[in-house]
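Q: Just so you know, the working numbering puts 26 at position 17 of the sequence shown, and the rest follows in order with no gaps. Shown below is the structure under consideration.
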Amino acid sequence: MKIKCPKCNESAVLSPDFSVVKCGHCNFDMSYGEYVKYIAHKDAKYSDILGDYTGSTEGETAGSLDEWD
Ligand SMILES: [Zn+2]
Numbered sequence: 010m011k012i013k014c015p016k017c018n019e020s021a022v023l024s025p026d027f028s029v030v031k032c033g034h035c036n037f038d039m040s041y042g043e044y045v046k047y048i049a050h051k052d053a054k055y056s057d058i059l060g061d062y063t064g065s066t067e068g069e070t071a072g073s074l075d076e077w078d
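See the structure below:
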């Protein structure tokens, strides 16, 4: 799907499996998880997207990351 590129504000593409965000305008290329963190830091108004993302994967990535700490 098309989403707004956080770097150049042109239209970037989010892959159908929500794994990668790519922009052909500025060569932005990031995993969706990193993208969410990027825009969360960049603009607080995207925090609802961040909430949806963390809610759907809660208990999976967060737990495993803690174990490696
Ligand atoms: Zn871009």
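The beta-carbon is built from N, C-alpha and C at its ideal position, and this holds for glycine as well.
If you draw a straight line from the C-alpha of residue 4 to the C-alpha of residue 34, how long is it?
A: With the chain represented from 10 up to 78, any question about residue 4 goes unanswered, as that position is not in the structure.
Q: As a quick check of your reading: which residues have a C-beta less than 6 Å from at least one non-hydrogen atom of ligand 1, in chain order?
A: Those residues are 14, 16, 17, 19, 21, 32, 34, 35, 37, given in chain order.
Q: Buried or exposed: residue 14, going by 16 or more other Cβ atoms within 10 Å of its Cβ?
A: Its Cβ being crowded by 16 or more others within 10 Å, residue 14 is buried.
Q: Check each candidate in 36, 50, 28 and name the one with the smallest Cα separation from residue 99.
A: Outside the shown range of the chain (10 to 78) lies residue 99, about which nothing can therefore be said.
Q: Going by beta carbon distance, what residues of the same chain come within less than 6 Å of residue 23, once the five residues before and after it are set aside?
A: Only 10, 12, 30 meet the Cβ criterion.
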